[in-house]
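Participant: Residue numbering for the sequence shown follows our numbering, beginning at 61 and increasing consecutively.
The following block contains the structure, expressed as structure tokens.
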Amino acid sequence: MIVLLFRLLILISIMMIIYSGIKYLRNPQRKLKAAKEANEFYFLDDANNSKKNLQFVYKGCLFIGEKYLGATEDSFKVVDIHVSVKEPLELEGFTREDIYFLENEMLIHYPHSKIEWKHPINQLLLTKLH
């Protein structure tokens, strides 16, 4: 009886380890961190929850976007996104083209939104081209 109970306990613990591994691999925050370390683009958002901020990484820089709900012609949708950067020093080497790329990616998900960049990103957009 004890051997059978011990085997059952081992089987349950193996199932728990497999379940924990799957949960770890599917964790979106882990994917966001991995994309940041690899200098890749990754967009993390819960489109069904307008109160939850969107996050994305690009070229090793983490951006956070606050979504604001508003009225459009036919329904309520996200109409404003205020984007800030977590660490301003990570912006080194960013160009206008990078910012325009990020804007296009956000507009794919939220076509009715107006994107406002917070300091210091807006300084890059306000300066004149040489």
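Note that CB positions come from ideal geometry on N, CA and C, so glycine has one too.
(1) With 16 as the cutoff for other CB atoms within 10 Å, does SER173 come out buried or exposed?
(2) Please check the pair VAL145 and LEU151, which I expect to be a contact at CB under 8 Å, by giving their CB distance rounded to whole angstroms.
(3) Round the Cβ separation of ASN113 and LYS127 to the nearest angstrom and send it over; I've been treating them as touching at under 8 Å.
(4) Among the residues of its own chain, which have a CB less than 8 Å from the CB of ASN99, if the five just before and after it don't count?
(5) Buried or exposed for GLY125, please, with buried defined as at least 16 other CB atoms from any protein chain shown within 10 angstroms of its CB.
(6) Based on Cα-Cα distance, which residue from VAL63, SER110 and LEU122 lies nearest to GLU147?
Facilitator: With the given structure in hand:
(1) Numbered from 1 along the sequence shown, position 113 holds the residue referred to as residue 173. Answer is buried; the Cβ neighbour count reaches 16.
(2) Numbered from its first residue, the sequence shown carries residue 145 at position 85. Numbered from its first residue, the sequence shown carries residue 151 at position 91. With a Cβ gap of about 6 Å, VAL145 and LEU151 count as contacting.
(3) Looking up residue 113 in the sequence shown gives position 53. Looking up residue 127 in the sequence shown gives position 67. Indeed they touch by this definition, with Cβ atoms about 7 Å apart.
(4) Stepping through the sequence shown from its first residue, residue 99 is reached at position 39. So the qualifying residues of the chain are LYS119 and GLY120.
(5) Your numbering for residue 125 matches position 65 in the sequence shown. The residue in question, GLY125, is buried, as its Cβ has 16 or more Cβ neighbours within 10 Å.
(6) As a first step, residue 147 is located in the sequence shown; it is residue number 87 there, counting from the start. Taking only the C-alpha atoms, the option nearest GLU147 is LEU122.
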